[in-house]
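Note that the sequence shown covers residues 2 to 645 in the working numbering. For every residue, glycine included, the Cβ atom is placed at its ideal position computed from N, Cα and C. Keep in mind it's a predicted model, so treat the numbers as computed, not measured. Reading through the structure tokens given below for one structure.
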Amino acid sequence: MDDLKTFLIEKVLLFESDTLSPEAEKVLSQIRREKTDVPVVYVSSNSSSIIAGSEKTYNALKLFAEENEPGTVVIKVGCAGPANYEPVICIQMPGKNKLYFRNITEEKVEPLMNGVFHNDISEEDLIGQSGSKGFELWPGIDFLEDIPFFALQKRLVLGNCGCYDPGRIEEYIAVGGYRTYLKTIRHYTYDEVCDLIERSGLRGRSGGGYLTGLKWKQALNTPSNARYLICNAKESDPGAFSDRLVMESDPHRLIEGMAIAAYAIGSSNAILYLKAGSEHARAGIQNAIEQARDYGLLGHNIHSSGYNLDIVVRMEPGAFVCGEETALINSLEGKRGMPQLKPPYPTSAGLAGKPTVINNVETLMNVPLIMQNGPEWYRTIGTFSSPGTKIFALAGRGRFSGVIEVEMGTSLRTIVEDIADGIRDAREFKAVQIGGASGSFITSDDLDTQVDFDAMRRQGFSMGSGGFVVIDETSCIVDLVRYYMDFICKESCGKCIPCREGTGRMLEILENVIRKPANEDTGTTLERFRGVMQLETISSVMKDASLCGLGQNAPNPFVSALKNFREEFEEHIFDRKCRANVCRGLRTFIIDVEKCTGCTVCAGKCPVNAIYGTRLQPYFIVEDKCIGCGICYDVCKFSAVIVK
Numbered sequence: 002m003d004d005l006k007t008f009l010i011e012k013v014l015l016f017e018s019d020t021l022s023p024e025a026e027k028v029l030s031q032i033r034r035e036k037t038d039v040p041v042v043y044v045s046s047n048s049s050s051i052i053a054g055s056e057k058t059y060n061a062l063k064l065f066a067e068e069n070e071p072g073t074v075v076i077k078v079g080c081a082g083p084a085n086y087e088p089v090i091c092i093q094m095p096g097k098n099k100l101y102f103r104n105i106t107e108e109k110v111e112p113l114m115n116g117v118f119h120n121d122i123s124e125e126d127l128i129g130q131s132g133s134k135g136f137e138l139w140p141g142i143d144f145l146e147d148i149p150f151f152a153l154q155k156r157l158v159l160g161n162c163g164c165y166d167p168g169r170i171e172e173y174i175a176v177g178g179y180r181t182y183l184k185t186i187r188h189y190t191y192d193e194v195c196d197l198i199e200r201s202g203l204r205g206r207s208g209g210g211y212l213t214g215l216k217w218k219q220a221l222n223t224p225s226n227a228r229y230l231i232c233n234a235k236e237s238d239p240g241a242f243s244d245r246l247v248m249e250s251d252p253h254r255l256i257e258g259m260a261i262a263a264y265a266i267g268s269s270n271a272i273l274y275l276k277a278g279s280e281h282a283r284a285g286i287q288n289a290i291e292q293a294r295d296y297g298l299l300g301h302n303i304h305s306s307g308y309n310l311d312i313v314v315r316m317e318p319g320a321f322v323c324g325e326e327t328a329l330i331n332s333l334e335g336k337r338g339m340p341q342l343k344p345p346y347p348t349s350a351g352l353a354g355k356p357t358v359i360n361n362v363e364t365l366m367n368v369p370l371i372m373q374n375g376p377e378w379y380r381t382i383g384t385f386s387s388p389g390t391k392i393f394a395l396a397g398r399g400r401f402s403g404v405i406e407v408e409m410g411t412s413l414r415t416i417v418e419d420i421a422d423g424i425r426d427a428r429e430f431k432a433v434q435i436g437g438a439s440g441s442f443i444t445s446d447d448l449d450t451q452v453d454f455d456a457m458r459r460q461g462f463s464m465g466s467g468g469f470v471v472i473d474e475t476s477c478i479v480d481l482v483r484y485y486m487d488f489i490c491k492e493s494c495g496k497c498i499p500c501r502e503g504t505g506r507m508l509e510i511l512e513n514v515i516r517k518p519a520n521e522d523t524g525t526t527l528e529r530f531r532g533v534m535q536l537e538t539i540s541s542v543m544k545d546a547s548l549c550g551l552g553q554n555a556p557n558p559f560v561s562a563l564k565n566f567r568e569e570f571e572e573h574i575f576d577r578k579c580r581a582n583v584c585r586g587l588r589t590f591i592i593d594v595e596k597c598t599g600c601t602v603c604a605g606k607c608p609v610n611a612i613y614g615t616r617l618q619p620y621f622i623v624e625d626k627c628i629g630c631g632i633c634y635d636v637c638k639f640s641a642v643i644v645k
């Protein structure tokens, strides 16, 4: 291993020419397993994979290999994106293209492997094949690139995900890793790196879309004896999980991006600010940092370049508001995570009062690609004002879910109808929620909007951290707005009155709307309607007077929902009706006496004993005691329970 490390450092990482020697290319090809004499099985191993049972699948594969095919190599890799395919495995037979299979739980391992080894491929769980020239095709099997989920993506940031073992730095080096970083610190000045990133047009992927190169220059040009780079990996929006997948699947590129960014601003200290509870991601990142340090890529006087850099991982305290820049800095300093007034901005007075640049994971993952291929190359991708790609965490009611990467300029309709493959169970599309807890609902009328910072801003939308939740007819918009407001109300730091009191009052009004009033007189109805109208005034005050983005954007879900789904609010208020039958407080359950057999199952399951009757005779529900949980509806085998 030491010999391999020395070879990779001297013959690959520090090799000045763009063209490596034939000897080096041969070694890298072997590490990449481009041609293998033994079967190789790749098993996805990230958080979604593990939840789906990939660890058991991995153990079953190891056991099968030991007992039946001793030469078979089983390797853990990252996730390629489609979460509803997990656990995914890839089988590479000698001389043949790779085969990908979905939902391979431990009980499927033995029949699947026996089939592949005997050239009897089961199509039930088959995704497709991939390969390059020189490999034998599997006849009649589609290529991954032809499947809409992959065909319509532009995978730059996700290019390595699922392709190598993230636990081995040698495999990252074999796909070109860290060469760009060493070239940067040995041949470019700080200003030159900032200029290249600014010329590329890279904009921050955390939602604001500020020019990354310009932000770096502001920190670099602020006189100081120390500067800091912080990678904000605190991804806590409901429905967003792309940062975690990227860190677990390709941690070394993130380390390389952080290292280049730290060099560009003249910083010797970088911090990865990680979400609490991300233990799998933390272990992978920490391992990548240690390996980079072992290869001399971090530390003092890195490979005689004169540059020093140390990267540390810090866990956030578990508060949503700590994703805001100034609150994040406060928490790193051991203070309560509360936002501060700006200016001064962190680029001039941040951590410990020093110039500090804060970029998110996706932004930094683009940096090595730009430095390797040049800003002009990056400008050819995406739109004029928003070059590059955008990652979304596709969730909700689409037929596909997972992490995707599309070229800027792609329409939202393409994502919903083609990449997500429409709505599952042949349901009707209702909306897309983008931007997390403080995002907006986008209806079919606006689905032709392009994924572009300026185009979406003109429509009043924000990309946020990349959450993309597909909503169908079975979802209640009013209840969703209440859910988001409940989340924001709990996560408010409480520092400023507009946010603290405004979110609480908005939640109170929305909770009144989704349940029946104590009495049914006309005054109660008008009071509920007046409460909803009051929400618009509260929203306006919060947007104008809140201290940070959390309070300023908190009303966004309500504002967009009221604009696009006003009739649903009116139904809840005037008709006491939820068209999706989601709001428990508005549901009325009755028992059809013609269908009820008196089996007593519903009465036994009712949590509040609201169902009465005599065995083998029709039962009835006491409406005043019923809480609308719907258990009776679920357990009735005779369809005797009816929802009104």
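In this structure, what does DSSP give as the bridge partners for residue i?
i: A432; result: I472
i: T357; result: Y229
i: L310; result: G300
i: K77; result: V44
i: I272; result: I231 and V313
i: I591; result: I643
Could you have a look at residue i and say whether DSSP puts it in helix, strand or coil?
i: A234; result: strand
i: Y229; result: strand
i: M316; result: strand
i: R501; result: helix
i: E24; result: helix
i: E291; result: helix
i: Q31; result: helix
i: C668; result: Past the boundaries of the shown model lies residue 668; the chain is included only from 2 to 645, so the question cannot be answered.
i: R204; result: strand
i: T390; result: strand
i: V452; result: coil
i: A263; result: helix
i: S540; result: helix
i: F566; result: coil
i: R516; result: strand
i: G437; result: helix
Looking only at its chain, what residues have a beta carbon closer than 6 Å to the beta carbon of residue i, apart from the 5 residues adjacent to it on each side?
i: K645; result: T589
i: V117; result: I92
i: F393; result: I405, G467 and F469
Please confirm whether residue i and residue j have their CB atoms less than 7 Å apart.
i: C633; j: C603; result: yes
i: Y485; j: L352; result: no
i: P252; j: G278; result: no
i: G403; j: G82; result: yes
i: S46; j: E87; result: no
i: P167; j: G79; result: yes
i: V41; j: R34; result: yes
i: V358; j: I266; result: yes
i: C549; j: E325; result: yes
i: E172; j: I32; result: yes
i: F462; j: S441; result: yes
i: I142; j: Y101; result: no
i: C162; j: S243; result: no
i: S131; j: K99; result: yes
Sorted by chain position, which residues of the same chain lie with C-beta nearer than 7 Å to residue i's C-beta, five sequence neighbours on each side aside?
i: V110; result: T58, A61, L62 and F65
i: Q618; result: G599
i: Y308; result: I186 and Y264
i: A611; result: I622, V623, K626 and C627
i: K606; result: I632, C633 and V636
i: P499; result: V542, M543, A546, S547 and G552
i: T415; result: L153
Return the chain-ordered list of same chain residues with a C-beta closer than 8 Å to the C-beta of residue i, the five sequence neighbours on each side being excluded.
i: V482; result: L511, P558, F559 and A562
i: G410; result: G383, T384, S387, Q451, V452 and D453
i: T475; result: R398, R428, A581 and V583
i: L333; result: I231, I272, Y274, R315 and L352
i: G177; result: Q373
So with Cβ pairs under 7 Å, would you call residue i a contact of chain D?
i: E199; result: As a matter of chain content, chain D is missing from the structure shown, which is built from one protein chain.
- Item | Cβ contact check for the region 177 to 194 and the region 252 to 259: 3 or more pairs under 8 Å | yes
- Message: Tell me whether the region 327 to 344 and the region 195 to 210 touch, counting them as touching only if at least three CB pairs, one residue from each stretch, are closer than 8 Å.
- Response: no
- Cβ contact check for the region 460 to 472 and the region 295 to 313: 3 or more pairs under 8 Å: no
- Task: May I ask you to verify whether the region 154 to 165 touches the region 354 to 370, counting CB pairs closer than 8 Å and requiring at least 3?
- Result: Yes, the region 154 to 165 is in contact with the region 354 to 370.
- Okay, do the region 370 to 379 and the region 197 to 208 touch, 3+ Cβ pairs below 8 Å being the bar? yes
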